[in-house]
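Taking it in order: structure first as structure tokens, then the write-up.
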Amino acid sequence: VAGFPGILGCIDCTHVAITTPFLQEDAYKNHHGFYSINVQMICDEQLRILNVNANFPGTVHDQFIFNASLVKEEMRRLHVNRIGSFFLLGDSGYALERYMLTPVLNAAPGSPEERYTLRHCQIRNRIERVFGVIKD
Numbered sequence: 001v002a003g004f005p006g007i008l009g010c011i012d013c014t015h016v017a018i019t020t021p022f023l024q025e026d027a028y029k030n031h032h033g034f035y036s037i038n039v040q041m042i043c044d045e046q047l048r049i050l051n052v053n054a055n056f057p058g059t060v061h062d063q064f065i066f067n068a069s070l071v072k073e074e075m076r077r078l079h080v081n082r083i084g085s086f087f088l089l090g091d092s093g094y095a096l097e098r099y100m101l102t103p104v105l106n107a108a109p110g111s112p113e114e115r116y117t118l119r120h121c122q123i124r125n126r127i128e129r130v131f132g133v134i135k136d
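Numbering (full-length UniProt numbering), first residue to last: 1 to 136.
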């Protein structure tokens, strides 16, 4: 990805509405007030979906889903074994890690951090576009 070498993809979660579940109803009612599954997806530069994790109810936070994923373990392994410098682009709902690039909140106007964050958000918007197509 231009300006971000080593980016494997963009990651985020989206809520997919479901009917009221029979079991663990409270676990599925998200902060928007409807029942859902919180689905994590990763897409590449061409908007191709690389990974989907639809195993968690709507109340589960994006970072928790990533922490429980095989993707995180694989990213960690790549870095620990120094196989390469590969990254995912995530929003501020994810923790900054060696393999997860997140925006700089409250970056000073005109600063390198602000330029980084603007470019980061432009690129990461790809996953939002994927969600828009899927949900349309």
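Every residue, glycine too, gets a C-beta built ideally from N, C-alpha and C.
For ILE42, no alpha helix (DSSP H) segment is defined; the enclosing uninterrupted segment is the beta strand (DSSP E) at 36–43. In the structure shown, GLY132 adopts helical secondary structure according to DSSP, grouped into three states. The DSSP-derived three-state label of ASP91 is coil. Burial check for SER36: the Cβ neighbour count within 10 Å reaches 16 or more, so the residue is buried. Nearest to CYS43 by C-alpha distance, out of LYS135, ARG126, ILE134 and ASP62, is ARG126. At a Cβ-Cβ threshold of 8 Å, ASP136 and ASP12 do not count as neighbours. The beta-carbon distance between PHE34 and ILE123, rounded to whole angstroms, is 30 Å. This is too long to meet the 8 Å contact definition.
Two segments are said to touch when three or more pairs of C-beta atoms, one from each, lie closer than 8 Å; by this definition the region 96–114 does not touch the region 22–30. In this structure, the alpha-carbon of ALA108 lies about 12 Å from that of LEU118. The beta carbon of GLY6 sits closer than 6 Å to those of SER85, PHE86 and PHE87, all from its chain and outside the five residues before and after it, given in chain order.
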